[in-house]
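Asks: One structure coming up, written as structure tokens, with questions to follow.
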Amino acid sequence: MGLGQGAAERSRRNPSISGEPEPRQDPEAQRNAPPQKDQEGTNTGSSQDSPRGCHASPESAPSTIGLAPGLSTPVVASPTDIPINRNITRTPPQGSIDPPITKNTLSELDVQKIFHNPKLRHDINFDPDLHFRPNVEGEKGRKKQERSDCFWQTLRDQLSDFVVNREKFYAQFGYGDVWCLPVLLKTIRDILHTLVPQRDRQFLDEGLNVSLKMQQFHKGVLDLDQLALWLSGVLKSHCAPMRDEEVDTMYNYIKTGNQTGDLDQLVLGMRELLSVLEHMKLDVANHQIRCLRPALIDDTIHFEQKYFCKRLQSGKLDTRESILWYRNAQRLYSNGPSDLNQGFGEMHILFEGLSRLVLPSAARQKIPETFQHDHERILKLRADILDVINLDICMRLYEDLEKLGRLTSTAQFQSYNDASSSRASSRVPSGEFSFTASLPGSRPSSLAFSSPGSASSSPRSSLALPSYVAPDHNESRVKRQNLFQSLVALLQQAPHAANQAARWQAIAPSMALQIFRYTNAPSGMLPVFEEKLMNTLCRPDSQMYCEMEQKFQQRLLAELCNRVREFKGLSGVSLYSAATEARNMPNNRLFDHDDEAGIEDMATRLAHVGILHWRVWAPLVYVEDVDEPMT
């Protein structure tokens with residue numbers, strides 16, 4: 007959902023259409039229910055003044071020739087004067103005659119559908135910018151665009167046949183309405199019905215009498231200029247002011263196309279008209295979401311429990327695996343640290359399990375069905391955690407390589423290398439970080455760095471340097487920060503892949519080269535370093551990766567405890583405000599190497615998900631069934 011701004015400026019005209027909700031009904035929600043037919047008169051909003059120009063009857067408009075330049079003399083005829091030949095043989099129409107945007111495709115934007123949409127009702131708790139937008143991305147967006155292009159090309163071809171090959175046109179369509187133009191006009195009228203109040207619909211039906219307009223079309227007396235002008239008045243009377251320019255563009259296209267006989271311009275104007283209607287519908291829906299957000303958030307627990315209870319009772323939802331997941335977490339983590347248990351309270355089992363579920367090493371573990379509406383949020387957290395861990399690994403390997411580069415620049419390197427290798431090899435387990443390369447001016451040698459967890463090293467240092475190669479700490483810090491930001495830039499510029507691990511594997515060589523540029527290590531070591539980096543990133547079986555992930559989980563759990571302690575007593579709206587305001591930070595701060603902002607952000611997101619999840623599911627699944635024997 008991302009079309010931009012809603013109809014907040016709607017107050018300058020017709021504020022009632024901006025989406026004042028009807029009295030709420032308690033919906034019997036069905037997830038992914040098929041769209042229902044809209045009923046006339048159900049549009050929300052109070053009555054308003056008639057739209058500009060709606061009072062003009064279609065007969066009073068000057069009638070001129072639009073699409074039939076060969077008939078140069080205007081003829082005004084009443085509907086009864088126009089003969090309709092129903093006996094002309096027709097062949098099936100070619101191409102699609104269904105417009106790409108219809109009342110049915112826009113029905114999910116109706117306020118009733120918003121109340122019945124369980125995924126939207128859940129997502130509104132997390133996303134302050136939640137809004138509807140045209141779906142133009144991915145495979146669905148591509149297919150939608152193809153259908154749209156097909157319709158407009160079909161309309162252009164049909165109009166072209168009407169102008170230059172009238173016999174062919176009537177042989178195919180006769181005087182019926184099973185072709186693109188009458189279907190499009192009916193669609194425009196039907197969508198407008200959902201955008202104007204009940205009292206104005208009679209004027210709309212008079213001004214856009216499709217049957218009459220098509221009779222005028224066949225007689226060559228349909229004035230498209232006047233129709234477009236009337237429609238632009240109706241649209242401007244009900245749309246947000248920011249849509250006025252789009253309406254003017256639509257009118258100019260139709261006017262130019264009609265006056266010059268340019269079918270491409272004419273069709274482009276009709277296409278713009280349908281686009282304006284979609285945007286108006288989106289504006290109204292997004293305005294309604296903003297207005298209804300507090301009420302929807304306050305009602306989240308009641309709505310979701312009622313919704314999931316119905317699915318459980320009907321057998322459409324199976325929570326057995328979710329119960330097993332929770333029981334397994336209870337068995338493993340019930341005796342956790344007392345300070346964490348006090349911070350989490352009755353939710354400590356849930357958060358112990360959840361803090362491990364979001365780890366990249368749990369990627370093959372199925373997410374419990376009770377998290378079905380949080381599936382994307384969990385995957386996003388997992389991807390962000392993977393980025394943080396892998397960047398941490400990159401910086402750790404950089405520090406080791408930087409130390410090696412300093413050694414190679416000293417005259418004492420050869421003798422120190424022999425002694426260092428001897429000392430390191432006696433205390434480092436096999437599989438620890440080691441480089442093997444032929445160094446210039448020396449025999450082939452191997453440096454093995456000590457384990458970061460050993461007593462002789464710090465978490466960020468794998469090799470004790472003698473004083474003559476000790477770095478300038480201020481210069482080293484700036485250099486590390488610059489490298490880190492360059493690695494973040496490489497990550498953010500990398501193309502998307504099927505999953506985040508595949509994305510990292512694709513950019514690992516570039517990461518290795520970038521790290522290498524910041525060191526003085528011998529160039530012959532680049533292939534070895536690149537291989538080491540690729541074998542460490544996204545590898546849960548790697549000792550270094552496992553160590554880094556475990557440390558991250560401990561830091562996350564500690565910060566998560568602080569957030570849960572802060573949030574767990576808040577109401578729904580207060581929880582939403584606190585969690586979303588705490589996350590109001592620049593995206594790049596998620597990867598701030600010298601700041602805890604990234605882990606604080608992830609802890610806030612996870613605390614928000616977990617608390618809301620517990621309030622919905624604890625009485626349905628976890629608390630009631632937790633003491634029952636396993637089946």
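Quick note on this note's numbering: the sequence shown kicks off at 7 and runs consecutively.
Glycine included, each C-beta is placed from N, C-alpha and C at the ideal position.
If you're wondering where the values come from, they're calculated on a predicted model, not measured in any experiment.
(1) What separation, rounded to the nearest whole angstrom, lies between the Cα atoms of V170 and Q265?
(2) Expressed to the nearest angstrom, what Euclidean distance is found between the alpha-carbon atoms of G213 and A301?
(3) Tell me the residue span of the alpha helix (DSSP H) that contains E587.
(4) Suppose you measure from the CA of M554 to the CA of C315; what does that come to, to the nearest Å?
(5) At the level of alpha carbons, what is the spacing between F377 and L360?
(6) Of the residues I329, Y259, L241, F138, which one's Cα is nearest the Cα of I373?
(7) Go ahead and label D547 buried or exposed: buried means 16 or more other beta carbons lie within 10 angstroms of its beta carbon, across all protein chains shown.
(8) Does the separation of the CB atoms of T542 and G411 fall below 9 Å?
(9) With L392 and C544 assumed to form a contact (beta carbons below 8 Å), what rounded beta-carbon distance in angstroms separates them?
(10) Apart from the five residues on each side of it in sequence, which residues of its chain come closer than 7 Å, Cβ to Cβ, to N347?
(11) How big is the Cα-Cα spacing for P247 and L241?
(12) So, do the segment 395 to 402 and the segment 486 to 504 have three or more beta carbon pairs nearer to each other than 8 Å?
(13) Is it right to say K538 is buried, meaning 16 or more other beta carbons lie within 10 angstroms of its own, or is it exposed?
(14) Would you give the residue range spanned by the alpha helix (DSSP H) that A567 belongs to?
(15) Between A368 and R362, which are expected to be in contact by the criterion C-beta below 8 Å, what is the C-beta distance as a whole number of angstroms?
(16) Using 10 angstroms around the beta-carbon of R383, count the other beta-carbons present and answer buried if the total reaches 16, otherwise exposed.
(17) Could you give the first and the last residue of the continuous alpha helix (DSSP H) run that contains F350?
(18) Among L115, L298, M220, which has the Cα closest to the Cα of K287?
(19) Applying the criterion that 16 or more other CB atoms from any shown protein chain within 10 Å of the CB defines a buried residue, is A507 buried or exposed?
(20) Shortest alpha-carbon distance to E587 belongs to which of V570, T610, W510?
(21) Grouping DSSP H, G and I as helix and E and B as strand, with all else coil, what is I71?
(22) Look up P1 in the DSSP assignment and say whether it is helix, strand or coil.
(23) In chain order, what residues of the same chain lie with their CB nearer than 6 Å to the CB of P106, ignoring the 5 residues before and after it?
(24) Applying the criterion that 16 or more other CB atoms from any shown protein chain within 10 Å of the CB defines a buried residue, is P635 buried or exposed?
(25) Output the distance between the C-alpha atoms of F209 and A504, rounded to the nearest integer angstrom.
(26) Can you check which of these residues, D167, K312, I295, is closest to L626 by C-alpha distance?
(27) Let's test the definition: count the other Cβ atoms within 10 Å of the Cβ of Q164 and tell me whether it reaches 16, buried, or not, exposed.
(28) Residue range of the alpha helix (DSSP H) that L323 falls in?
(29) Just the C-alpha distance for H502 and E252, rounded to the nearest angstrom, thanks.
(30) Could you name the residues of the same chain whose beta carbon sits closer than 6 Å to that of D167, not counting the 5 residues immediately before and after it, in chain order?
Replies: So, to answer that:
(1) 17 Å
(2) 39 Å
(3) 578 to 588
(4) 41 Å
(5) 10 Å
(6) I329
(7) exposed
(8) no
(9) 7 Å
(10) H354
(11) 10 Å
(12) yes
(13) buried
(14) First, the residue type needs correcting, since residue 567 is Cys and not Ala in the sequence shown. From DSSP, the alpha helix (DSSP H) with C567 extends over 549 to 573.
(15) 6 Å
(16) buried
(17) 344 to 350
(18) L115
(19) buried
(20) T610
(21) Model confidence at I71 stands at a pLDDT of 36, short of 50, so the residue's coordinates are unreliable and nothing is read from them.
(22) In the structure as shown, the chain begins at 7 and stops at 637. Residue 1 is therefore absent and cannot be evaluated.
(23) R153, S154, F157
(24) Because the pLDDT at P635 is just 40, under 50, the model does not fix this residue reliably, and the point stays unresolved.
(25) 53 Å
(26) K312
(27) buried
(28) Note, L323: premise wrong, no alpha helix (DSSP H); not H, not E.
(29) 34 Å
(30) K174, F175
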